Amino acid sequence: MPDWPALVQERFGAADANSAGDAEIVAELAAHLEDRYEELCGQGMCESDAISRALGDFQNWSVLAKRIHRATDGEETMNYRTRTLWMPGLVILTASMVWLWVLQRMTFGPGMPAPWLHASLSFMPYLVWLISQPLFGAAGAYLSRRAGAERRTELTASLFPAIVMFGMWVVLIACIVVTRYSHVSHQWPLVLAGTLFWSVLPGLLLLLGRSLYLRTQNFARP
Amino acid sequence: MVKRIRAGIARGSAELVILSLLVERPLYGFEISKRIEERTQGALRFELASLYPMLYDLERRGLVKGQWQPSSTGRDRRYYSLTPKGKAQLAPLRREWRSFFQALDCLAGVGDA
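So the sequences go chain by chain: C and F.
Take 1 as the starting number for the first sequence in our numbering and just add one per residue.
Take 1001 as the starting number for the second sequence in our numbering and just add one per residue.
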């Protein structure tokens, strides 16, 4: 008869089985495997086949351990949308904005690099920020995917900063239309350029980062 | 979205199945999985990676209570029994599923299938 608790503990993760609660879980899973093993032996299966078949019933042990810990710790209180969309989206939006702020501080600070002291200076932070957008797109896809997002949610999370920017420009356009309607014809080029530079272009680069990240991944769903 | 709905249905139906079995008498995990398979003649089968997390979740929510007791073979097994809260939860859960199937039947005629 195999030592089922030892086999379970080995697979379930010895580090997680230290607390009394987890030891109880290990004992319960071991009892299940023991019953299953005896059932299979009773059906005429040889011992080694019965052991591997019983262990195979649990398929992915790391998924099982995660699910059990989620169930016992009550992690489900954070709902699906928060985990897969809002959290990754807000994380990359904040990181992206902080990065832009850092770039601006570096560029316009007292220690600015000499070659940047030219006409294009004001564009430098923006250009560097824009070039770095694929990284944020990839990070959004990674975080969302890790939380178990579907493809559409993952895409939305990756594009989150661009979507927020677009929303802000829409609000701005609405304000211009409402408050300065008579001068609106003078504002459109600027407004459209703003939408293009702060929402459409970053969005395309975020999308590029996401695509590159997904290409590196095995497409099997978590 | 479809995956979420499927996950929701699977989760809700699993809850109903487990609570319905436990209202009859306390059972341990292996017995629960065998009972489900036998009663549905193999049509429903619990993935084990789902059964135990579901039991622990029900226990955390106070719907079932697990207790180690000797089984018929003399070995200790963790028997799950329904708590008063679990019993109270079962009737509305059954009603919900009944209305769900009635609605589905009206729309898709699944009752005749």
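Glycine is no exception: its CB is placed at the ideal position from the N, C-alpha and C atoms.
The model shown is predicted, which means the values in this text are computed figures rather than measured ones.
Beta-carbon proximity check, residue i vs residue j, cutoff 8 Å
i, j, result
"residue 134(C)", "residue 203(C)", "no"
"residue 40(C)", "residue 8(C)", "no"
"residue 1027(F)", "residue 1039(F)", "no"
"residue 143(C)", "residue 91(C)", "yes"
"residue 125(C)", "residue 100(C)", "yes"
"residue 12(C)", "residue 50(C)", "no"
"residue 207(C)", "residue 130(C)", "no"
"residue 85(C)", "residue 157(C)", "yes"
"residue 1071(F)", "residue 1048(F)", "no"
"residue 1030(F)", "residue 69(C)", "no"
"residue 1063(F)", "residue 1019(F)", "yes"
"residue 83(C)", "residue 147(C)", "yes"
"residue 1045(F)", "residue 1037(F)", "yes"
"residue 191(C)", "residue 172(C)", "yes"
"residue 136(C)", "residue 95(C)", "yes"
"residue 1094(F)", "residue 1016(F)", "yes"
"residue 72(C)", "residue 1060(F)", "yes"
"residue 23(C)", "residue 36(C)", "no"
"residue 128(C)", "residue 103(C)", "yes"
"residue 153(C)", "residue 169(C)", "no"
"residue 5(C)", "residue 26(C)", "yes"
"residue 1107(F)", "residue 1023(F)", "no"
Minimum Cβ-Cβ distance from residue i to chain F less than 8 Å
i, result
"residue 10(C)", "no"
"residue 154(C)", "no"
"residue 29(C)", "yes"
"residue 20(C)", "Note that residue 20(C) scores a pLDDT of 46, beneath 50, so its modelled location is shaky; the value from the coordinates is reported in the next line. No, residue 20(C) lies away from the interface with chain F (no Cβ there is under 8 Å from its Cβ)."
"residue 17(C)", "The predicted position of residue 17(C) is uncertain, since its pLDDT is 46 and thus under 50; no value can be drawn from it."
"residue 14(C)", "In this predicted model, residue 14(C) has a pLDDT of only 46, less than 50, meaning its place in the structure is not dependable enough to derive any value."
"residue 5(C)", "no"
is_contact[residue i, chain C] using C-beta, thresh 8 Å
i, result
"residue 1082(F)", "no"
"residue 1107(F)", "no"
"residue 1079(F)", "no"
"residue 1004(F)", "No answer about residue 1004(F) holds up, because its pLDDT of 45 lies below 50 and its placement is not dependable."
Residue i beta carbon near the ligand ADP (any heavy atom closer than 7 Å)
i, result
"residue 1043(F)", "Ligands displayed in this structure: none; no statement on the ligand ADP is therefore possible."
Three or more C-beta pairs closer than 8 Å, one from the region 1066–1082 of chain F and one from the region 1047–1054 of chain F: is that the case here?
Because the criterion of three Cβ pairs below 8 Å is not met, the region 1066–1082 of chain F and the region 1047–1054 of chain F do not touch.
Please identify, using Cβ separations under 8 Å, the residues of the region 55–76 of chain C that lie next to chain F, in order along the chain.
If you check each beta-carbon in the region 55–76 of chain C against every beta-carbon of chain F, the ones closer than 8 Å belong to 57, 58, 59, 60, 63, 64, 67, 68, 70, 71, 72, 74 and 76.
Closer than 9 Å, Cβ to Cβ, to anything on chain C: give me those residues from the region 1010–1030 of chain F, in chain order.
1028, 1029 and 1030
List, from N- to C-terminal side, the alpha helix (DSSP H) runs of 4 residues or more that fit wholly inside the region 54–103 of chain C.
61–73
Could you name each continuous alpha helix (DSSP H) segment of 4 residues or more that falls completely within the region 135–187 of chain C, going from the start of the chain to the end?
151–158 and 160–179
Listed in chain order, which residues of the region 34–50 of chain C have Cβ atoms closer than 9 Å to some Cβ of chain F?
34, 35, 36, 38 and 39
Does the region 1074–1081 of chain F come close enough to the region 1094–1104 of chain F that 3 or more CB-CB pairs lie under 8 Å?
no
Could you name the residues of the region 1089–1105 of chain F whose beta carbon sits closer than 9 Å to any beta carbon of chain C, in the order they occur along the chain?
For the region 1089–1105 of chain F, there are no residues whose beta carbon sits under 9 Å from a beta carbon of chain C.
Entirely within the region 1007–1088 of chain F and at least 4 residues each: give me those alpha helix (DSSP H) ranges in chain order.
The alpha helix (DSSP H) runs lying completely inside the region 1007–1088 of chain F and spanning 4 residues or more are 1029–1039 and 1048–1060, given in chain order.
Of all the residues that make up the region 84–101 of chain C, which are near chain F by a beta-carbon distance shorter than 8 Å?
none
Taking only beta carbons into account, state which residues of the region 1035–1069 of chain F come closer than 9 Å to chain C, listed in chain order.
1047, 1048, 1049, 1050, 1051, 1052, 1053, 1054, 1055, 1056, 1057, 1058, 1059, 1060, 1061, 1066 and 1068
Below 8 Å, can you find three or more Cβ-Cβ pairs linking the region 160–168 of chain C to the region 192–199 of chain C?
Cβ pair count under 8 Å is three or more, so yes.
Stretch-stretch touch, CB-based, cutoff 8 Å, three pairs: the region 1083–1090 of chain F with the region 52–71 of chain C:
Too few Cβ pairs lie closer than 8 Å, so no.
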